[in-house]
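Asker: So the protein lines, in turn, are chains A, B, C and D. Here the working numbering is used: the first residue of the first sequence is -8, the next is one more, and so on. Here the working numbering is used: the first residue of the second sequence is -8, the next is one more, and so on. Here the working numbering is used: the first residue of the third sequence is -8, the next is one more, and so on. Here the working numbering is used: the first residue of the fourth sequence is -8, the next is one more, and so on. For each residue, glycine too, the CB sits at the ideal point set by N, CA and C. In this text the structure is predicted, and so the values were computed from the model without any measurement.
Protein chains: 4
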Amino acid sequence: MGRAVVRAQKSPGRSAGKDAADDRARDKQRQILDAAVRVFARKGFHAARISDIAKEAGVAYGLVYHYFTNKEEVLNSIFQRNWSVVVKMMESVEQQHRGLKARLTAIVDFMMNVYKISPETVDLLVLEFGRSSRLAQTVRHPQVDRSWTVLQHILEAGQADGEVRTDTDARLLTTLFLGMVETGLAAFVTRMMQRDDAMLEEMKRAIVSTFVEGVAPRGNGGR
Amino acid sequence: MGRAVVRAQKSPGRSAGKDAADDRARDKQRQILDAAVRVFARKGFHAARISDIAKEAGVAYGLVYHYFTNKEEVLNSIFQRNWSVVVKMMESVEQQHRGLKARLTAIVDFMMNVYKISPETVDLLVLEFGRSSRLAQTVRHPQVDRSWTVLQHILEAGQADGEVRTDTDARLLTTLFLGMVETGLAAFVTRMMQRDDAMLEEMKRAIVSTFVEGVAPRGNGGR
Amino acid sequence: MGRAVVRAQKSPGRSAGKDAADDRARDKQRQILDAAVRVFARKGFHAARISDIAKEAGVAYGLVYHYFTNKEEVLNSIFQRNWSVVVKMMESVEQQHRGLKARLTAIVDFMMNVYKISPETVDLLVLEFGRSSRLAQTVRHPQVDRSWTVLQHILEAGQADGEVRTDTDARLLTTLFLGMVETGLAAFVTRMMQRDDAMLEEMKRAIVSTFVEGVAPRGNGGR
Amino acid sequence: MGRAVVRAQKSPGRSAGKDAADDRARDKQRQILDAAVRVFARKGFHAARISDIAKEAGVAYGLVYHYFTNKEEVLNSIFQRNWSVVVKMMESVEQQHRGLKARLTAIVDFMMNVYKISPETVDLLVLEFGRSSRLAQTVRHPQVDRSWTVLQHILEAGQADGEVRTDTDARLLTTLFLGMVETGLAAFVTRMMQRDDAMLEEMKRAIVSTFVEGVAPRGNGGR
DNA sequence: AATGAATGAGATTTCATTCAT
DNA sequence: GATGAATGAAATCTCATTCAT
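Written out as structure tokens, the structure reads:
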């Protein structure tokens, strides 16, 4: 409840009154979204009532409708907000790092860190969104497609560099990598595994090394 | 009321009518469960109405309540029925096959074949059940735990045989393997990938080889 | 459950097979009615389900419909059966006894004894039927009217004999007497009072003497 | 949600809107309760549907749930509201009047007047609540116990003053008195007796005098 | 006679959404 | 902007009753 959100500085030079009002509005909106993350993570999208979210946010439930069209839009906003962060991260990783292992390590690192910081968010993304074709049909976030594409690029680069075998479709390998990450997270989410830092670290290492070794070209003079 | 009736032998001599009735009852139950699989897969558990299931099964919705306590129990029955098949398969694989690769291949084969035969069932299991901690908390199917355990045994055997590196927890590797399989299936379920046989075959090969290579001990001449 | 009902001897001289069948039928019917009394007393008419009655009687619920048109008819049968006993008792009391006090004593005695023997029956009659105008409207048992009439006669006889003051309507006094009896019983039914024999005896005495003294003519040559 | 709100004084200066809203809310609640009294009296608790109450009150049925948890809580509120009036009356009678006859006369007067003003309320209290042990078990209104206690005190005072014979338990006599009043009312409720004022007056007199005479100590020159 | 599968009307209850204040 | 009263569609579930066996 009431987590202290760091307020971003806004573009200076506007009417102070307006800005203050905008600020308050943005705060309220964020307050509601934060509450929604927790409630959705706790009860699931369907079972979560708007009034639950409002109560968690400490506002009247009518206000939720002031900021969002309906319940689904609340969920969409959450996805938008979070996936755009993931996509940005992936894009920057592609730019900043070289080599398959370094890149995947950076990505897995980031994901696991997010989990440490806000497990509810990950719970929600994994449980409600992860793969739901039904939601996907209604929602179809281009962000998600973009993240797949970036990953695919990384793997294709690996194939070009001889780090990844070329006899398998890069898109398919992308699937497998995401599967490991996702299910790895899910194991924590569903309490299949203990939620402690050591475990998280081991998980990171296992995912990266298993995948990198697993997709390495082999055979002739190979490994 | 009167469901899951254990058939006892009754006074011989006039039991035919009774038995026929019981048979019909069992048929109707199965008819309802089959319909439920399709409806759940199509709309998801929450969005599926009992009346949808009844309509799909071609019975009055009251009959669903005649055989099942409520909607959740319908879902549970489906899980029970299907997971027990998976568990049996895994156990038999452990008995019949030797060697990590052979065993995992057999398992992945089976899973993908089930998908070919009854994609709705897999859709349902993957989407609704796959990992939902919320459902899991209420339901806690021992069958699921059992399947994890069997897989873990297989990996531990691999460690003992030197096929799997020993510096990583077998349970953790189990997670990763299941993640690949599950997300591999999910890619079809969510239409992220084309549902054709060639693709399924390539997926099978990719999963097994990536995982087996990925978890192989390295070192000797290796990495 | 399964209280041992004393089977009445039937008119001798009929076809034995027929009689035996009739007997069995009557037994089943009585079995169902006895069960119904207990269930209605326990849960109330509305909350009692036909299946509860059938279960209590140890028969299939379809059979209830073989013997009774519907749930309401089951209740009616119970009333019929019991009130006719009460009416007969009152009529015989009017014949056998002389004097207001003797007659009322006999009546109260009987009522309280019934309570000792079958509290459920009294519970049911008092709670579901006692005064329910709504049921009364649908049911309108002539038996009930008859019992009022007999009592009224007894009071009118008392007026004629100078035991009861004549300045008050006999029907009204009937109401008051029945009110005492009914509420007296109700106090046990609702556990407002301890259900022990001494209390029952004191209740009997109090009802009769309070009423008899209360309605005695007074005044001039009176007290 | 937000029912039975205790009105707190809020920051003075802009509370008018809020207060007006609260007033409206209280009005609506009462409107619903009044409607419920009529519907329950007409059809009985079980047969009354929430939608009947809503229709009678002229509101959407959802609103009933906005103010009350469920149907039973509606009934409870009615009991609470009405019995507290009865209890207060009895307490004030005990204070204001002296002598058994005066006190009981005042009580019976009040009861019969309530009946004249709102027969439905009395119908409901008498028919649904009067004694129902089943409801009583769930509800157990302390108000009802309190009214018994006050009456008992009045009778004990009568015993102390020599107006009531001491050889009978005061609680038992309380039962009888209430029985007369209740059944007296019931006779009107169930249309066993004509609902006219003259009859009501005669009933009043008959109840009080029968009871007072009936419980008077006898002996001296008596019987 | 006896059974219980099958039906479906109908009741309760929930909750997203609108809207007056 | 903020509130929460008001609405009513829709979903779950119950159970009296019918009927084939």
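When you compare only the Cα positions, how much space is there between B/Asp43 and B/Leu115?
Answerer: Counted from its first residue, the second sequence places residue 43 of chain B at position 52. Counted from its first residue, the second sequence places residue 115 of chain B at position 124. C-alpha separation (whole angstroms): 16 Å.
Asker: Is A/Arg162 helix, strand or coil when you go by DSSP?
Answerer: Taking the first residue of the first sequence as position 1, residue 162 of chain A is located at position 171. In this structure, A/Arg162 counts as helix in the three-state DSSP scheme.
Asker: Does DSSP classify D/Lys154 as helix, strand or coil?
Answerer: Residue numbering aside, residue 154 of chain D sits at position 163 when the fourth sequence is read from its first letter. Inspection of the sequence shows that residue 154 of chain D is occupied by Glu rather than by Lys. Three-state result, D/Glu154: coil.
Asker: Could you tell me whether any non-hydrogen atom of the ligand SAH is closer than 6 Å to the CB of D/Arg156?
Answerer: This structure lacks the ligand SAH, and indeed carries no ligand of any kind.
Asker: Pull out every residue of the stretch 161 to 183 of chain A whose Cβ sits closer than 8 Å to any Cβ of chain B, in chain order.
Answerer: Arg162, Leu163, Leu164, Thr166, Leu167, Leu169, Gly170, Met171, Val172, Glu173, Thr174, Gly175, Ala177, Ala178, Val180, Thr181, Arg182 and Met183
Asker: Please list the residues of the stretch 86 to 97 of chain A that have a C-beta atom closer than 7 Å to any C-beta atom in chain B, keeping them in chain order.
Answerer: none
Asker: When you compare the stretch 198 to 207 of chain B with the stretch 185 to 204 of chain A, are there three or more beta-carbon pairs, one atom per stretch, that lie closer than 8 Å?
Answerer: Judged by Cβ distances under 8 Å, the stretch 198 to 207 of chain B makes contact with the stretch 185 to 204 of chain A, as three or more pairs qualify.
Asker: Thinking C-alpha only, which one of C/Asp188, C/Leu91 and C/Val113 is nearest C/Arg33?
Answerer: Counting from 1 along the third sequence, the entry for residue 33 of chain C is found at position 42. Of the candidates C/Asp188, C/Leu91 and C/Val113, the one whose C-alpha sits nearest the C-alpha of C/Arg33 is C/Val113.
Asker: Looking at chain A, is there any beta carbon in it that lies within less than 7 Å of the beta carbon of B/Ala197?
Answerer: What you label residue 197 of chain B is simply residue 206 of the second sequence in a count that begins at 1. For B/Ala197, the answer is yes, since a Cβ of chain A falls inside 7 Å of its Cβ.
Asker: Put B/Ala51 into one of helix, strand or coil per three-state DSSP.
Answerer: Residue numbering aside, residue 51 of chain B sits at position 60 when the second sequence is read from its first letter. Per DSSP, reduced to three states, the secondary structure at B/Ala51 is coil, with no helix or strand assignment.
Asker: Helix, strand or coil for A/Lys195 per DSSP?
Answerer: For the purposes of this step, residue 195 of chain A is taken as the residue at position 204 of the first sequence. Helix, per DSSP.
Asker: If you draw a straight line from the alpha carbon of B/Ser68 to that of B/Val77, how long is it in whole angstroms?
Answerer: Start at 1 with the first residue of the second sequence, and residue 68 of chain B comes out as number 77. Start at 1 with the first residue of the second sequence, and residue 77 of chain B comes out as number 86. Roughly 14 Å between the two C-alpha positions.
Asker: Using beta-carbon positions only, say whether D/Val99 and D/Lys195 come within less than 7 Å of one another.
Answerer: Here the question's residue 99 of chain D lines up with position 108 in the fourth sequence. Here the question's residue 195 of chain D lines up with position 204 in the fourth sequence. In contact: D/Val99 and D/Lys195 (Cβ atoms closer than 7 Å).
Asker: Whose C-alpha, out of A/Gln20, A/Gly49, A/Met183 and A/Thr174, is nearest the C-alpha of A/Glu64?
Answerer: By one-based count along the first sequence, residue 64 of chain A stands at place 73. Of the candidates A/Gln20, A/Gly49, A/Met183 and A/Thr174, the one whose C-alpha sits nearest the C-alpha of A/Glu64 is A/Gln20.
Asker: Where does the unbroken alpha helix (DSSP H) through C/Asp187 begin, and where does it stop?
Answerer: What you label residue 187 of chain C is simply residue 196 of the third sequence in a count that begins at 1. Unbroken run through C/Asp187: none, as it is neither H nor E.
Asker: Can you check whether the C-beta of D/Glu111 is within less than 7 Å of a C-beta belonging to chain C?
Answerer: On the fourth sequence, residue 111 of chain D is found 120 positions in, with the first residue counted as 1. Taking Cβ atoms only, chain C never reaches closer than 7 Å to D/Glu111, which makes this a no.
Asker: What did DSSP end up calling B/His88 once you bin it into helix, strand or coil?
Answerer: Residue mapping note: residue 88 of chain B aligns to position 97 of the second sequence, counting from 1. B/His88 falls in the coil class under three-state DSSP.
Asker: Is it true that the stretch 154 to 173 of chain D meets the stretch 133 to 146 of chain D, where meeting means three or more beta-carbon pairs spaced less than 8 Å apart?
Answerer: For the pair of segments examined, the stretch 154 to 173 of chain D was found to touch the stretch 133 to 146 of chain D: the number of CB pairs separated by less than 8 Å reaches three.
Asker: Closer than 7 Å, CB to CB, is D/Val28 near chain C or not?
Answerer: Sequence index remark: in the fourth sequence, residue 28 of chain D carries index 37 (1-based). Cβ-Cβ to chain C under 7 Å: no for D/Val28.
Asker: Chain D partners of C/Arg209, CB-CB under 8 Å?
Answerer: To locate residue 209 of chain C, count along the third sequence from 1; it is residue 218. Neighbours of C/Arg209 on chain D, chain order: Glu204.
Asker: Which residue marks the beginning of the alpha helix (DSSP H) containing A/Glu119, and which one marks its end?
Answerer: For the purposes of this step, residue 119 of chain A is identified with residue 128 of the first sequence, where counting begins at 1. Premise fails: A/Glu119 is in no alpha helix (DSSP H) and is neither H nor E.
Asker: Spell out whether any CB of chain B is found under 7 Å from the CB atom of A/His37.
Answerer: Translated into positions along the first sequence, residue 37 of chain A becomes position 46. With respect to chain B, the C-beta atom of A/His37 has a partner C-beta closer than 7 Å.
Asker: Using a Cβ-Cβ distance cut-off of 7 Å, determine whether D/Thr157 contacts chain C.
Answerer: Translated into the one-based positions of the fourth sequence, residue 157 of chain D becomes position 166. Chain C contact via Cβ: absent.
Asker: Are B/Arg72 and B/Glu47 close, meaning C-beta to C-beta below 7 Å?
Answerer: Walking along the second sequence from the start, residue 72 of chain B turns up at place 81. Walking along the second sequence from the start, residue 47 of chain B turns up at place 56. Result no, Cβ atoms of B/Arg72 and B/Glu47 do not sit closer than 7 Å.
Asker: At the level of alpha carbons, what is the spacing between B/Gly153 and B/Pro208?
Answerer: On the second sequence, position 162 is the one that residue 153 of chain B refers to. On the second sequence, position 217 is the one that residue 208 of chain B refers to. Looking at the two C-alpha atoms, the distance is approximately 7 Å.
Asker: If you count every other CB in all the chains shown that lies within 10 Å of the CB of D/Thr157, and 16 or more means buried, which is it?
Answerer: To locate residue 157 of chain D, count along the fourth sequence from 1; it is residue 166. Flag for D/Thr157 reads exposed.
Asker: Would you verify that the beta carbon of C/Thr201 is, or is not, closer than 7 Å to some beta carbon of chain D?
Answerer: Indexing the third sequence from 1 puts residue 201 of chain C at position 210. Closer than 7 Å: yes.
Asker: Throw me the rounded Cβ distance for the B/Val117 and B/Glu173 pair, which I believe falls under 8 Å.
Answerer: As a position in the second sequence, residue 117 of chain B is number 126, starting the count at 1. As a position in the second sequence, residue 173 of chain B is number 182, starting the count at 1. That belief holds up - the Cβ atoms of B/Val117 and B/Glu173 are roughly 6 Å apart, short of 8 Å.
Asker: Look at the Cβ atom of C/Leu167, then the Cβ atom of D/Met171, and state whether they are nearer than 7 Å.
Answerer: Position 176 of the third sequence, counted from the start, is the residue given in the question as residue 167 of chain C. Position 180 of the fourth sequence, counted from the start, is the residue given in the question as residue 171 of chain D. Cβ atoms of C/Leu167 and D/Met171: closer than 7 Å.
Asker: Rounded to the nearest angstrom, what separates C/Ile41 and A/Met184 at their Cα positions?
Answerer: In the third sequence, counting from the first residue as 1, residue 41 of chain C sits at position 50. In the first sequence, counting from the first residue as 1, residue 184 of chain A sits at position 193. Approximately 50 Å, taken between the alpha carbons.
Asker: Helix, strand or coil: how does DSSP classify D/Pro208 here?
Answerer: Locating residue 208 of chain D in the fourth sequence gives position 217, counting from the first residue. For D/Pro208, the secondary structure class from DSSP, reduced to helix, strand or coil, is coil.
Asker: In this structure, does DSSP put B/Thr60 in helix, strand or coil?
Answerer: Position 69 of the second sequence holds residue 60 of chain B. Coil.
Asker: State the CB to CB distance for the pair A/Val55 and A/Ala45, rounded to an integer number of angstroms; the pair is presumed to be in contact (CB under 8 Å).
Answerer: Within the first sequence, the letter at position 64 stands for residue 55 of chain A. Within the first sequence, the letter at position 54 stands for residue 45 of chain A. Their Cβ separation, rounded to whole angstroms, is 5 Å, which keeps A/Val55 and A/Ala45 in contact under 8 Å.
Asker: Using three-state DSSP, classify A/Ser75 as helix, strand or coil.
Answerer: As a working note, residue 75 of chain A is residue 84 in the first sequence. A/Ser75: helix per DSSP, three-state reduction.
Asker: Within the same chain, show all residues whose beta-carbon is closer than 7 Å to that of B/Lys92, passing over the 5 residues directly before and after it, in chain order.
Answerer: By 1-based counting over the second sequence, the position of residue 92 of chain B is 101. Within the same chain, B/Lys92 has close Cβ partners Val199 and Val203.
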